[in-house]
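A.B. asks: Starting off with a structure, shown below.
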Amino acid sequence: MTSSTIILASQSPQRKTILKKLGIDFKAVPAHIDEHHSGYTKPHAIVKSIALRKAESIAKKHPNQWIIGCDTIVILSNGTISIKPKNRDDAKKTINLYRNSHCDVYSGLAFVNKSLNKKIVDYEKTRLIFSDFTDEQIEEYLDSGEWKDRSGSMTIEGRGGKWIDKVEGCYWNVVGLPIDLLKKFLNQ
173 MTSSTIILAS QSPQRKTILK KLGIDFKAVP AHIDEHHSGY TKPHAIVKSI ALRKAESIAK
233 KHPNQWIIGC DTIVILSNGT ISIKPKNRDD AKKTINLYRN SHCDVYSGLA FVNKSLNKKI
293 VDYEKTRLIF SDFTDEQIEE YLDSGEWKDR SGSMTIEGRG GKWIDKVEGC YWNVVGLPID
353 LLKKFLNQ
């Protein structure tokens with residue numbers, strides 16, 4: 173597979189940055205799909221399904237190219253899926269669940285080439301272990317606005333990352349693209 177044949181089915185700045193850092197030549201084409209996960213209850217099945225649907229939606233228009241589809245969700249310690257917060261109060265509720273606790277980040281990754289009739293789909297899971305932090309620290313973080321438009325209400329590479337005591341698994345998975353899984357796919 174030559175790198176010039178790759179399309180990233182996303183406009184995610186984090187995913188584009190990771191691919192550039194890896195020296196992969198690609199173009200980004202957003203996949204406009206319904207990301208509803210009805211019928212799936214296991215986090216790994218949800219992210220694999222959505223990643224595959226993203227890749228397949230772009231592959232219809234670009235059948236001779238390799239398409240990368242990716243989807244990431246955050247599972248909070250109470251078992252719920254953390255979506256992008258609607259407002260400050262919503263973000264605060266999520267961040268409070270991190271105190272002295274953990275969350276699991278799942279990313280599904282799909283490689284699709286329609287003309288070759290090839291599909292490779294897998295997932296990565298990373299656990300984040302959080303320290304304790306104060307109400308005042310939460311308010312300062314919320315004042316920064318960094319939580320806006322962020323699944324899990326924070327980013328590992330941003331201000332909220334200072335509350336993470338331990339990363340069990342792939343750091344880059346949490347940023348937005350599981351590099352080890354990506355390299356495995358590229359080698360296949």
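All you need for this note's numbering is the position in the sequence shown, starting with 1, plus 172. Every residue gets a Cβ at the ideal spot worked out from N, C-alpha and C, and that includes glycine.
1) Residue ranges of each beta strand (DSSP E) run of no fewer than 3 residues wholly in the stretch 181-256, ordered along the chain?
2) Taking the alpha-carbon positions, what's the Q186 to D294 distance?
3) How many angstroms separate the CA atom of F305 from the CA atom of H234?
4) Given this structure, state the Cα-to-Cα distance separating C275 from S249, to the nearest angstrom.
5) At the level of alpha carbons, what is the spacing between M173 and C242?
6) By DSSP, does L314 sit in helix, in strand, or in coil?
7) When we look at the beta-carbon of N289 and count the other beta-carbons within 10 Å, is it buried (16 or more) or exposed?
8) Secondary structure at I178, three-state DSSP: helix, strand or coil?
C.D. replies: Once the coordinates are examined:
1) 198-200, 238-248
2) 20 Å
3) 48 Å
4) 5 Å
5) Because M173 carries a pLDDT of 45, less than 50, the predicted location of this residue cannot be relied on, and the following value inherits that uncertainty. So the alpha carbons of these two residues sit roughly 19 Å apart.
6) helix
7) exposed
8) strand
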